[in-house]
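J.: From first to last, the protein sequence lines stand for chains A and B.
To convert, count from 1 in the first sequence and add 43; that's the working numbering.
To convert, count from 1 in the second sequence and add 61; that's the working numbering.
Note that the Cβ used here is the ideal one computed from N, Cα and C, for glycine as well.
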Amino acid sequence: MSRVAPWHQANWDYRAAGNFIGGGSGTGLLLFASVAATQGAPFWVTGLMALALVAGGLGFVSLEIGRPLRSLNVFLHPRTSWMTREAIVAPLLLGTGLAAILLGSMAMLWVAALLGMLFLYCQGRILFASKGIPAWRQTGVVALIMVTGLTEGAGMLAAVLPWIAPETPLRWLLGSLFLLLLARTVVWRSYFNRLSASGAPGKTLAVFARFDKLFLMVGNGLPALLAVTLFAGGGAITSLLAGILAVAGGWALKFTLIARAAHNQGFALLKSPVRGKGQPGSGAKPGWTLPAEDSGQGRA
Amino acid sequence: MTRYVMVVDLRRCVGCQTCTVSCRHVNATPPGVQWRQVLDIESGEYPDVHRTFMPVGCMHCGDPPCMQVCPSTATYQRDDGLVGINYELCIGCGYCAVACPYQARHIVHRAHFAFGEQPTAAEAASLDEKRISVATKCTFCIGRIDESTVAGLTPGVHPEVTPACVNSCIAEALCFGDKNDLESNVAKLIKENEYFRMHEDLGTDPGMYYLSDERK
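1) Taking 6 Å as the limit between beta carbons, can you name the residues of its chain near Pro220(B), skipping five residues before and five after?
2) If you run the structure through DSSP and keep just helix, strand and coil, what is Asn254(B)?
3) Quick check on DSSP: helix, strand or coil for Gln166(A)?
4) In chain order, what residues of the same chain have a beta carbon less than 7 Å from the beta carbon of Leu312(A), not counting five sequence neighbours either side?
5) Cα-Cα, which of Ile206(B), Ile168(B), Met115(B) is closest to Glu103(B)?
6) Would a check of beta-carbon distances place Asn54(A) closer than 9 Å to chain B?
7) Over the uninterrupted alpha helix (DSSP H) stretch that includes Cys131(B), give me the two end residues.
8) Could you check where the alpha helix (DSSP H) with Cys80(B) kicks off and where it finishes?
9) For Met126(A), which residues from the same chain have a beta carbon less than 7 Å from its beta carbon, with the 5 sequence-adjacent residues on both sides left out?
10) With a threshold of 9 Å between beta carbons, is Phe257(B) in contact with chain A?
11) Quickly, what does DSSP pair Lys314(A) with across the bridge? List them, please.
12) Using the beta-carbon count (16 or more within 10 Å), is Thr272(A) buried or exposed?
13) Using a C-beta cutoff of 9 Å, does Cys151(B) count as contacting chain A?
14) Counting only Cβ pairs nearer than 8 Å, list the residues of chain A close to Met115(B).
15) Going by the DSSP bridge assignment, what does Phe86(A) pair with across the sheet?
16) Between Met67(B), Val117(B), Val87(B), which lies nearest to Gly76(B) when the distance is taken from Cα to Cα?
17) In chain A, which residues lie less than 7 Å from Val195(B) when you measure between Cβ atoms?
18) Can the beta-carbon of Glu195(A) be found closer than 9 Å to that of Gly71(A)?
19) Got a sec? Which residues, its chain only, sit under 7 Å from Gly83(A) by beta carbon, not counting five neighbours each side?
20) So that I know if they touch, is there some Cβ in chain B lying closer than 9 Å to that of Asn307(A)?
21) Determine the burial state of Ala275(A): buried for a count of at least 16 other Cβ atoms within 10 Å of its Cβ, exposed for fewer.
22) Per the contact definition of three or more C-beta pairs closer than 8 Å, is the region 230 to 246 of chain B in contact with the region 291 to 305 of chain A?
23) Between the beta-carbon of Cys80(B) and the beta-carbon of Val99(B), is there less than 9 Å?
24) At a Cβ threshold of 9 Å, is Leu250(B) touching chain A?
25) Taking all protein chains shown into account, decide if Gly177(B) is buried (16 or more other Cβ within 10 angstroms of its Cβ) or exposed.
26) I'd like the span of the beta strand (DSSP E) that includes Val144(B), first residue to last.
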C-alpha cells in the first residue's frame, strides 16, 4: 500500500549533510581567520583548513550525484537555482583563498572571506528552496545555516589558534564565540518554535524535540560557559574544548536537519468526496502536527 | 494558450490501481517506482468515517519548484504546461526530488527487475539506460501529446494521444485535456464541480484537479 503520511526523504543523506557541514565550518573559519590575521595571526594554516573543509564538503556531494561525469551541468541554471549559484561561487572562493595563502595577500583573503559568506548564504537558500521538505522551507532556516556556520568557524579558530599562534590575543574571538553561541540558541529556538506553530510532519518535530535539549546544553550552553571562563583566565585546553563543542553542536544540528528530520510533505486530502446525495466529508493530512486552526484537516 | 491538466473525480475512483499498472506497462518503470499511484486515505472519526482513493503523481505545476531548483536545466516546462526532464542533461543530484512537495520524482541508481537479477523479456526490451541515476517522473505520456499535432488528434479526446492512465481508468475517474479550451471535458468538469488541488497553499499551481462534489 502506498504511503500517505510523510516519510524521510531518501535522496540526500550524510553526504549532502557533509557538504553543509564542510561548507559552513569552512566559510566561517575563513572569515574568522581573516579577522585573526589583522591581529597578526598567520593565516596559512587556518586558511588551508577552511578551504579543505569547503572542498571536502563539495567532494561529499560529488559522491552523491547520480551522474558525476556530467557534473559541469551544475553551472547551467544561475537564473533560479541556488545550487548553480553555490557552484559558481565555489571555484571563485577556493581560487581566491588559495591565491591569498600562496601570495600572503590580506586583500585577497578578505575577498575570499566575503565569497565564503556568499557561499554560506547560497547553502541556506538551497535548503529554503526545497518546498518538498517542511523543515527546510521553514522561514529562519537561512539564518540558522548562516549563524551556525559562523559559530563553527569561531569555534574552530578558538580550538586551534592558541596552539598555532599562542601570542595572538583571544578575547575578541572568545567574545565573538560567546555572542554567536547566544545567537545560535536564539535563532534555533525561533526556527523550532515557528516550525511547530506553522505545522510540520510529526516525525520531524519529534526528531527536533529529542535533539533540542542536548543541542542547547552541550552544543551551546557548555561552550558558552567555557568561553566566559576563559575571560577570567584559562588555557589552550579550555579554548580547545569550547571550540570543539561549538563545532560539534553545529555539525550535529546540520546532520539532524538534513539526514534525520527531513521528512517530506506527504499527501493531503482537503475533503472527502460526496457519496450519493450526501455532503463532503472531512479531509485528512496524515502524519502532520497542525496548528490549531487547521486541526480539522489533519491527524497527528 | 494550451494548459494541459488532469481532472480526478474522487467520487468515481474505486482504487482498482489499473491506472498504476497501465502506467508501469507503458512507461516501463522499475519495481518500486510508480509514476501514477493511488492512495488509500481514511478520514473522519467514528462513526463518521470516510475512505477515499486518490490518484497522485507529478502535478505538472504551473510554477514547478523542481524546475526552479534544477541546477542543470534538465527539468523544463513547455508552453502547454507539461513539465519534462531531459535525461541527457540531468546530473542526478536529487535537488528536484526534495523540492517537489508531491513526492513525484524518483531516482534509481541501478537497473533492477521484478524477478531477480535478470530482466524478463519485456523488461529487457523496455530497459532505458538513460533513465538510470537521473530523476524520472510522470510525463503525462508526453510522447503521445506530441503525436497529437502530427496526427491532428486531441489529447483527452482521442485515446491514441491521451495518457495511458486516463485511457485505462475503468470508472472514467481520470480526465485529461486543455483547461483553457472551454469546450474541453476538463474545462467543463472544473466549471461544473467543486474541486481542490493538493498543497495549493505552497504556491505551485498544481495541474491536477480533484473533484469532490457537483457545484451547487
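T.: Well, looking at it:
1) Only residues of its own chain outside the window of five on either side were considered, and among them Asn228 have a CB closer than 6 Å to the CB of Pro220(B), listed in chain order.
2) If DSSP states are grouped into helix, strand and coil, Asn254(B) belongs with the strands.
3) Helix, per DSSP.
4) Contacts found: Gly326, Ala327.
5) If we check each option's Cα against that of Glu103(B), Met115(B) comes out closest.
6) It does; some Cβ of chain B falls within 9 Å.
7) Element bounds for Cys131(B): n/a, residue is neither H nor E.
8) Its alpha helix (DSSP H) spans residues 79 to 88.
9) Contacts found: Val117, Ile169.
10) At least one chain A Cβ lies under 9 Å of Phe257(B).
11) The bridge partners DSSP lists for Lys314(A) are Ser325(A).
12) That one is exposed.
13) Yes, its Cβ sits closer than 9 Å to a Cβ of chain A.
14) Identification of chain A residues near Met115(B) by a Cβ-Cβ cut-off of 8 Å yields Phe310, Leu312, ordered along the chain.
15) Bridge partners of Phe86(A) according to DSSP: none are assigned.
16) Checked all of Met67(B), Val117(B), Val87(B); the closest Cα to Gly76(B) is Val117(B).
17) Here the neighbours are Gly109, Arg110.
18) For the 9 Å CB-CB criterion, Glu195(A) and Gly71(A) form a contact.
19) Excluding positions up to five away in sequence, the list reads Thr211.
20) Chain B, which has a Cβ nearer than 9 Å to the Cβ of Asn307(A), makes this yes.
21) Ala275(A) counts as exposed, since fewer than 16 other C-beta atoms from the protein chains shown sit within 10 angstroms of its C-beta.
22) No, the region 291 to 305 of chain A is not in contact with the region 230 to 246 of chain B.
23) Yes.
24) By the rule that beta-carbons nearer than 9 Å mark a contact, Leu250(B) does not touch chain A.
25) It counts as exposed.
26) For Val144(B), the uninterrupted beta strand (DSSP E) run begins and ends at 144 to 146, by DSSP.
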